[in-house]
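Here the structure is laid out as structure tokens; the discussion comes afterwards.
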Amino acid sequence: MLTLDLLINGLIIGVFYALMAIGLSLIFGILKVVNFAHGEFYMVGAYAYTLAALALNLSPWLALPLAFVVGMLVGLMVERTLMRPLYAGYGSWGLRRDEYAVIVTFALSILLINLVDKFIGPYGFRGPALVGIPRIYLGPVIVSGHRLFATIAATVVIIATLLIVRYSYWGRQIRAVAQNRLGASLAGIDPAKVSAIVFALAAGLAAMSGALLANIFNPTPDVGAFPAAKSYVIVVLGGMGSVPGAAMGSLVLGVLESFGGVYVSYQYRDAFGLVLLILVLLFRPQGLLGEKSREV
Amino acid sequence: MQMLADTRGRMRAELWASLVILAGVAILPTVMTNDYWRGVIVVSMYFAMLSIGWNLLAGYTGQFSLAPATFGMIGGYTTGLLAYHLNATGLSGIPAALIVAGMIGFILARIVMRLRGPYLALTTLSFAEIMRLVIGNSIDFTRGDLGLNVPSLFESRLIYYYAMLVVLALIQLGIYALLSSPAGLYLRAIRDDEVAAAGRGIMIVHWKTYAFTISAAISGLAGALYGHFAQLVSPEMGLISQSGLIISMVVIGGLGTLVGPIGGAFLVYVASELLREAGGYQLIIFALLVIVFARFFREGLWGLLSAGHERLMARRAAAPAE
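Shown next as structure tokens:
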């Protein structure tokens, strides 16, 4: 039964990875840059959830959407102030796109970590559980009530996001801009608006992930570094910019770590991601579901 | 050819400016007798070496690694582990650190540099996190988060001070020689336009790997020297915030200039020591500064200084005509 237990636990972790990685992938699709402050959106969500529940005595089920909204607002602000130069035609200022994006998002990540460290404090709080049931028996597998409900909530959000991106009007706009920015704008889509939507959505999803895991990993200022590092592996694994690839890569990495932690080495379970990343770069650089791109 | 001559003149001016800074640092101990502040300058020199290494890669080759501090940590651990397990004595650990860090950099670059775009930043970031974790978790081999004691090399702090200064000056001259050679032209061509560089027959992967290896080796050397000075290496040397500090030094000083990393390292590190006493807001301030500089002043403080100088020269040239 160990195998089943490991599989379920791996999938659970994978679902939370997916919340992070889907947003990262969407941002890459639209702006063709990697957001190195993604872990800090996670951290913002974890703090928003925990502080809302502990300091304002809010019910965890209300704190959860609140964390999503706070994440969205942070994402919107970041997009408006820092990301807009990437596409708003400030090229004459000698701006190099990739360089600018890496430096600015990396600095933003350090800024947010240290702001929280200074003004809220370096100590972790334990986020409240969504439900107070310590263990639930799912056949032979035991999970805590919080884990089960958090996983269900995350799964619902992921499926909703995938459906929105696939079928809704906004989702079509997002995909159009990801495919061809100029073409989309000729068809009457406003790329600036789409970028803002994508950034807000991605930040909200990461914040959601942080909020749902606040009971398991206590929020500290640098709590986001780890899930972020995982989601960078995942977007390479799934194929840069591919949303279904990110979802699948997350589950693969979660299960791999879960099994590797028992059968290979518990201490080094977090190193498997890097090994996987290097193997993918060596043998399938376009990722699992990515398309091989050609440049002319 | 005119443009090439201009670049040469600019680089020479930057080299002279950096040598002036180093000369200032050389005479500093005569007026600054406080041992603590001498130590601060030694640590600044460690950061200056890491910044030079990162600037070669990011500023001159256009490849954004997010793991400069990690290679410093690797260098520190190489010499520390050699002393701890094999009782390697004296200076033998320092060239070993240079070679080991260079080799790890070479292998990583061979894997990553075949791809374009954000893969390098992504891979180096995961590499940084995971190296720190591996070193922190291998308690039997590295003593984990406790840190590893490294034997001291010299009796007095002043000898460290000048040893670091000499190495720093040699690295700076070496980088200048490298950038003035054809290799330097290839690297800058790759930075400016990879496709065009490949079109002119420059082996992109080869030269990117070359820059990454040199950058990693310099960082390893710096880490080994720092380890002997601090007599302790710990996984904290490889924290992401340390890499952030290095990047902020280069961006504030002037990315893609010879003087930027050195000036930035001294400024930022000394300022961070001063700010630490005033409440510890240093990283918040530096991160904000980095965002502002990356957004508005791409060439950092050095760019601002030389733009101001040029405007002054233009005004002076225009004055007699009035």
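Same order as they appear, the protein sequences are chains C and E. Mapping of the first sequence onto the working numbering: position 51 corresponds to residue 510, and the numbering continues sequentially without gaps. Mapping of the second sequence onto the working numbering: position 157 corresponds to residue 1161, and the numbering continues sequentially without gaps. Where is the CB? At the ideal position from N, CA and C, for every residue including glycine.
Residues of chain E with CB closer than 7 Å to the CB of PHE565/C, please, in chain order. LEU1070, GLY1248, ILE1251
Quick one, are the C-beta atoms of LEU733/C and SER1130/E less than 9 Å apart? Contact flag set, yes.
Can you grab the Cα-Cα spacing for the pair SER1048/E / TYR1273/E, in whole Å? About 6 Å.
Could you give the uninterrupted runs of the beta strand (DSSP E) lying entirely in the segment 548–624 of chain C, keeping only those of 3 residues or more? Within the segment 548–624 of chain C, the beta strand (DSSP E) runs of at least 3 residues that lie entirely inside it are, in chain order, 595–597, 600–602.
How many Å lie between SER1055/E and GLY698/C at the Cα? 32 Å
Is LEU1152/E helix, strand or coil when you go by DSSP? strand
Burial state of ASP681/C, where buried means 16 or more other Cβ atoms lie within 10 Å: buried
Under 9 Å, do THR509/C and PHE578/C count as touching if we go by C-beta distance? no
What does GLN638/C touch in chain E if you count any residue whose Cβ is under 9 Å from its own? Ordered by position in chain E, no residue passes the 9 Å Cβ test against GLN638/C, which lies about 17 Å from the chain.
Roughly how far, in whole angstroms, is the beta-carbon of ALA507/C from the beta-carbon of ALA670/C, given that I think they are within contact range, below 8 Å? Right, the Cβ-Cβ distance comes to about 7 Å (below 8 Å), so this counts as a contact.
I'd like to confirm the pairing. Which residues does DSSP put opposite ILE1236/E in its beta bridges? The question names Ile, yet the displayed sequence has Leu at residue 1236/E. Beta-bridge analysis with DSSP links LEU1236/E to ASN1153/E.
Taking the alpha carbon of SER1247/E as the reference point, which residue from VAL1044/E, TRP1058/E, ALA1030/E has its own alpha carbon closest? With distances taken between Cα atoms, SER1247/E lies closest to TRP1058/E.
Can you pull out the residues from the segment 714–743 of chain C whose beta carbon lies closer than 7 Å to at least one beta carbon of chain E? If the cut-off is 7 Å between Cβ atoms, the segment 714–743 of chain C has GLN726, TYR727, ASP729, ALA730, GLY732, LEU733, LEU736, ILE737, LEU740, LEU741 near chain E.
To which residues of the same chain is LEU1191/E closer than 7 Å at the C-beta, ignoring the five residues directly before and after it? TYR1064, THR1065, TRP1211, ALA1215
Nearest chain C C-beta to ARG1315/E closer than 9 Å, yes or no? no
Assuming VAL1199/E and TYR1081/E make a contact with CB atoms under 8 Å, what is their CB distance in whole Å? In fact, because the Cβ distance is near 39 Å, the residues do not count as touching under 8 Å.
Does the distance from the C-beta atom of ALA1228/E to that of ILE1045/E stay below 9 Å? no
Between the segment 1219–1226 of chain E and the segment 1091–1110 of chain E, do at least 3 Cβ pairs fall closer than 8 Å? Yes: the two stretches touch, three or more of their Cβ pairs being nearer than 8 Å.
Measuring only between beta-carbons, confirm whether ALA411/C sits less than 9 Å from chain E. For chain C, the structure presents residues 460 to 755; residue 411/C sits outside this window and is missing.
Can you find a CB in chain C that lies within less than 9 Å of the CB of THR1127/E? Yes, because at least one Cβ of chain C sits closer than 9 Å to the Cβ of THR1127/E.
Decide if ILE693/C is buried, meaning its Cβ has at least 16 other Cβ atoms within 10 Å, or exposed. buried
Going by beta-carbon coordinates alone, are GLN1067/E and MET1117/E separated by less than 9 Å? yes
Which same chain residues, not among the five before or five after TRP552/C, have their C-beta less than 6 Å away from its C-beta? Since pLDDT at TRP552/C reaches only 44, below the 50 mark, its modelled position is unreliable, and the value read off the structure follows with that caveat. Excluding residues within five positions, none has a Cβ falling inside 6 Å.
Nearest candidate by alpha-carbon position, reference ALA609/C, set HIS497/C, GLY534/C, GLY591/C: Closest option to ALA609/C, Cα to Cα, is GLY591/C.
Using a Cβ-Cβ cutoff of less than 8 Å, which residues in the same chain neighbour ILE1139/E once the five nearest sequence positions on both sides are dropped? MET1077, TYR1081, THR1146, GLY1148, PRO1239, GLY1242
Pick helix, strand or coil for ALA1125/E, following the three-state DSSP scheme. Helix.
Less than 8 Å between the CB atoms is what I'm expecting for VAL1263/E and TRP1306/E, so what's the real figure, rounded? 5 Å
Restricting to runs no shorter than 4 residues, where is the alpha helix (DSSP H) found entirely within the segment 1266–1306 of chain E? 1286–1300
Under 7 Å between beta-carbons, which chain C residues line up against LEU1292/E? List them in chain order, please. LEU570
Compare the C-beta of PHE487/C against all C-beta atoms of chain E and say whether one is closer than 9 Å. yes
Do you know offhand how far ILE601/C's Cα is from ARG1161/E's? 59 Å
Closer than 9 Å, CB to CB, is ASN677/C near chain E or not? no
Give me the Cα-Cα distance between LEU1292/E and THR1093/E, rounded to the nearest whole angstrom. 44 Å
Verify the CB distance criterion: does TYR559/C have a CB-CB separation below 9 Å to chain E? Residue contact with chain E for TYR559/C: present (Cβ-Cβ distance below 9 Å to some residue of chain E).
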